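With positions in the sequence shown counted from 1, the corresponding number in our numbering is that position plus 1. Glycine included, every Cβ here is placed at the ideal spot set by N, Cα and C. Computed from a predicted structure; not experimentally measured. Below is one structure, written out as structure tokens; the observations come after it.
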Amino acid sequence: MNLLIQDAGIYYREHFGEPQFIVRSPGRINLIGEHTDYNDGFVLPASIDNAVYVSIGARNDQEIHLFSVDYKEFYTGNIDAVSVSLQSWANYVLAIVDVLQKAGYPCGGFNAVVRGDIPIGAGLSSSAAVECATIFALNELFGYKLDRMTMVKMAQQAENDFIGVRCGIMDQFASMFGKANQVIELDCRSLDHHYFPFESEEYDLLLINSRVKHSLADSEYNLRRLDCEAGVAHLQRFHPEITSLRDATPALLQQELHSLDENIFRRCLYVVEEIARVKEACEDLKKGDLLSFGKKMFSTHTGLSEMYNVSCPELDFLVNFAIGYKNVIGARMMGGGFGGCTLNLVKKAAVADFVDRISESYLETYGVLPGAYPVTIDEGTAVVGPW
Ligand code: ADP
Ligand code: MG
Numbered sequence: 002m003n004l005l006i007q008d009a010g011i012y013y014r015e016h017f018g019e020p021q022f023i024v025r026s027p028g029r030i031n032l033i034g035e036h037t038d039y040n041d042g043f044v045l046p047a048s049i050d051n052a053v054y055v056s057i058g059a060r061n062d063q064e065i066h067l068f069s070v071d072y073k074e075f076y077t078g079n080i081d082a083v084s085v086s087l088q089s090w091a092n093y094v095l096a097i098v099d100v101l102q103k104a105g106y107p108c109g110g111f112n113a114v115v116r117g118d119i120p121i122g123a124g125l126s127s128s129a130a131v132e133c134a135t136i137f138a139l140n141e142l143f144g145y146k147l148d149r150m151t152m153v154k155m156a157q158q159a160e161n162d163f164i165g166v167r168c169g170i171m172d173q174f175a176s177m178f179g180k181a182n183q184v185i186e187l188d189c190r191s192l193d194h195h196y197f198p199f200e201s202e203e204y205d206l207l208l209i210n211s212r213v214k215h216s217l218a219d220s221e222y223n224l225r226r227l228d229c230e231a232g233v234a235h236l237q238r239f240h241p242e243i244t245s246l247r248d249a250t251p252a253l254l255q256q257e258l259h260s261l262d263e264n265i266f267r268r269c270l271y272v273v274e275e276i277a278r279v280k281e282a283c284e285d286l287k288k289g290d291l292l293s294f295g296k297k298m299f300s301t302h303t304g305l306s307e308m309y310n311v312s313c314p315e316l317d318f319l320v321n322f323a324i325g326y327k328n329v330i331g332a333r334m335m336g337g338g339f340g341g342c343t344l345n346l347v348k349k350a351a352v353a354d355f356v357d358r359i360s361e362s363y364l365e366t367y368g369v370l371p372g373a374y375p376v377t378i379d380e381g382t383a384v385v386g387p388w
């Protein structure tokens, strides 16, 4: 049995008695479509085998008792006075309690243990996994009968309002709706989504973790959103039908934005090009043309680095190394930016050699050994125990 489920059970029993549910919610990768979700565009995520586990049980008072196995810390509070905690990990659980209560779903007191193995701040959305595991567990515990889509939206709102990160819907969606060996083509405007298999005899998906998280990640993320909104607001003056960058074309941006503000123009152009690139990349995948797909990953990275300005020297180094290595056919930074992982499409037989070489070179340059994780695409949020 998975050691993390076991831990979630063992620590719960040690501190609180018998858990009623253990819920697993995974991290996610995104093959292509970066910074497109909050612009009503398309994304192509998949849930992975790294996950957060929440074991939970009801209390007969109004208290919340939490234990984090990974932080080795307790949190205790009252259900009627949920507020931001100094224990940052507890905030992702409290954020869900807050959003549920505000939407008219009262929580009783509960105990919960949180255990996970998603590298934190690596662009794999460990925060969305904690949120999705928590809301799924509370839904089971208190019988709200919320459907998955409602939980996704509430978890996103929790991150937006309580945590203060204006993330789009992709992370929570991928964690909640993922399926083993399938990628999800998600239209972030209509929320229509299609699954299709991602399996290759020849290539593996491999994450390389730069192990850096620059402190400006969250603030710059919010600033990019403001740039996109400023671009849309300007376009709307002449084209009221445009409600997001999803509705714009490169030609229109050139005509209306180019002379106005160079920065906003470049950022909006990146988004518009990336939205189109996701559609084309999905066609590549459906045809099994991984070479063409991989080239688009490189193009996405160039756009993120040079037009959207959310990369950093460490990520550029990792992608440039991949470009110079002949058995890597695609690579790009993944996630909000300024650190975290690159996603690489690597010939299976070359994975070990690539990891050795990129690790050595990165260590030599930055004095840090990067992480390297082969990706397995695994199931989305589900009850996995107790057994
Ligand atoms: P990410 O890119 O991984 O989502 P964030 O900074 O958005 O990075 O969220 C990371 C936060 O999520 C951590 O600081 C912690 O508060 C919470 N978190 C993630 N994994 C765990 C875990 N296993 N146990 C407790 N909290 C976790
Ligand atoms: Mg996050």
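Self-check item: Length of the line joining the Cα atoms of Val-385 and Gln-256
Solution: Here residue 385 is taken as the residue at index 384 of the sequence shown, counted from 1. Here residue 256 is taken as the residue at index 255 of the sequence shown, counted from 1. Each residue's Cα considered, the two are about 54 Å apart.
Quiz item: When the Cα atoms are used, what is the spatial distance from Ser-360 to Ser-211?
Solution: Counted from its first residue, the sequence shown places residue 360 at position 359. Counted from its first residue, the sequence shown places residue 211 at position 210. Those two C-alpha atoms are separated by around 10 Å.
Quiz item: Assuming Ala-52 contacts Gln-21 under a Cβ cut-off of 8 Å, what Cβ separation, rounded to an integer in Å, is found between them?
Solution: Here residue 52 corresponds to residue number 51 of the sequence shown, with the count starting at 1. Here residue 21 corresponds to residue number 20 of the sequence shown, with the count starting at 1. In this structure Ala-52 is not in contact with Gln-21, their Cβ atoms being roughly 19 Å apart against a cut-off of 8 Å.
Quiz item: Measuring CA to CA, which of Ser-56, Ser-312, Arg-333 and Ala-252 is closest to Ala-218?
Solution: Taking the first residue of the sequence shown as 1, we reach residue 218 at position 217. With distances taken between Cα atoms, Ala-218 lies closest to Ser-312.
Practice problem: Report yes if the C-beta of Trp-90 is less than 7 Å from at least one heavy atom of the ligand ADP; otherwise report no. | Solution: As a position in the sequence shown, residue 90 is number 89, starting the count at 1. At least one heavy atom of the ligand ADP is nearer than 7 Å to the Cβ of Trp-90, so yes.
Practice problem: May I have a chain-ordered list of the alpha helix (DSSP H) segments no shorter than 4 residues that lie completely inside the segment 298–367? | Solution: 314–324 and 352–367
Practice problem: Note down the Cα distance separating Gln-102 from Lys-348, rounded to an integer number of angstroms. | Solution: As a first step, residue 102 is located in the sequence shown; it is residue number 101 there, counting from the start. As a first step, residue 348 is located in the sequence shown; it is residue number 347 there, counting from the start. The alpha-carbon atoms of Gln-102 and Lys-348 are separated by roughly 49 Å.
Self-check item: Residue from Val-279, Leu-147 and Tyr-222 whose Cα sits closest to the Cα of Phe-339
Solution: Within the sequence shown, the letter at position 338 stands for residue 339. Considering only alpha carbons, the answer is Tyr-222.
Self-check item: Endpoints, alpha helix (DSSP H) assigned at Ala-159
Solution: Within the sequence shown, residue 159 is the residue found at index 158, counting from 1. Unbroken alpha helix (DSSP H) run through Ala-159: 149–159.
Self-check item: CA-to-CA distance, Ala-113 to Thr-382, given in whole angstroms
Solution: For the purposes of this step, residue 382 is identified with residue 381 of the sequence shown, where counting begins at 1. For the purposes of this step, residue 113 is identified with residue 112 of the sequence shown, where counting begins at 1. When rounded, the distance between both Cα atoms is 17 Å.
Quiz item: Roughly how many angstroms separate the alpha carbons of Asn-92 and Ile-164, rounded to a whole number?
Solution: Along the sequence shown, read from residue 1 onward, the residue named residue 92 stands at position 91. Along the sequence shown, read from residue 1 onward, the residue named residue 164 stands at position 163. Taking the straight line joining both Cα atoms gives about 7 Å.
Self-check item: Beta-bridge pairing of Ala-134 - partner residues as DSSP gives them
Solution: Start at 1 with the first residue of the sequence shown, and residue 134 comes out as number 133. BP columns for Ala-134 are empty, so no partner.
Quiz item: On the three-pair Cβ rule with 8 Å, is the segment 368–377 touching the segment 224–243?
Solution: no
Quiz item: Given that a residue counts as buried once 16 or more other Cβ atoms are within 10 Å of its Cβ, and exposed if not, what is Ile-65?
Solution: Within the sequence shown, the letter at position 64 stands for residue 65. With 16 or more other Cβ atoms from the protein chains shown falling within 10 Å of its own Cβ, Ile-65 counts as buried.
Practice problem: Check His-16 in the structure and name its three-state DSSP category. | Solution: Locating residue 16 in the sequence shown gives position 15, where the first residue counts as 1. Helix at His-16.
Exercise. Identify, in the order they occur along the chain, each residue of the same chain with its Cβ nearer than 7 Å to the Cβ of Ile-243, setting aside the five sequence neighbours on each side.
Key: Here the question's residue 243 lines up with position 242 in the sequence shown. So the list reads Val-233, Leu-236, Gln-237 and Ala-249, once near-sequence residues are dropped.
Quiz prompt | Proximity to Lys-327 [Cα-Cα], best of Gln-158, Asp-317 and Val-352 | solution = Numbered from 1 along the sequence shown, position 326 holds the residue referred to as residue 327. That would be Val-352, whose Cα lies nearest to the Cα of Lys-327.
Self-check item: N- and C-terminal bounds of the beta strand (DSSP E) containing Glu-74
Solution: Within the sequence shown, residue 74 is the residue found at index 73, counting from 1. From DSSP, the beta strand (DSSP E) with Glu-74 extends over 74–79.
Quiz item: Should Ile-121 and Ala-130 be called a contact, given that it needs their Cβ atoms to be closer than 8 Å?
Solution: What you label residue 121 is simply residue 120 of the sequence shown in a count that begins at 1. What you label residue 130 is simply residue 129 of the sequence shown in a count that begins at 1. Against a cut-off of 8 Å, the Cβ pair of Ala-130 and Ile-121 comes out as no contact.
Quiz item: Taking 7 Å as the cut-off, does the CB of Ala-129 come closer than this to any heavy atom belonging to the ligand MG?
Solution: The residue given as residue 129 occupies position 128 in the sequence shown. Within the cutoff, so yes.
Practice problem: Mind listing, in chain order, the continuous beta strand (DSSP E) runs of no fewer than 3 residues lying wholly within the segment 205–233? | Solution: none
Self-check item: Reduced DSSP secondary structure (H/G/I, E/B, other) of His-240
Solution: In the sequence shown, residue 240 corresponds to position 239, counting from 1. His-240: coil per DSSP, three-state reduction.
Quiz item: Based on the DSSP output, what are the partners of Phe-197 in its beta bridges?
Solution: Within the sequence shown, the letter at position 196 stands for residue 197. Per DSSP, Val-184.
Quiz prompt | Proximity test, Ser-69 beta-carbon vs the ligand MG heavy atom, cut-off 7 Å | solution = To locate residue 69, count along the sequence shown from 1; it is residue 68. Because no heavy atom of the ligand MG lies under 7 Å away, the Cβ of Ser-69 does not count as near it: no.
Quiz item: Hey, would you say Ile-330 sits closer than 8 Å to Leu-346, going by beta carbons?
Solution: On the sequence shown, residue 330 is found 329 positions in, with the first residue counted as 1. On the sequence shown, residue 346 is found 345 positions in, with the first residue counted as 1. Contact flag set, yes.
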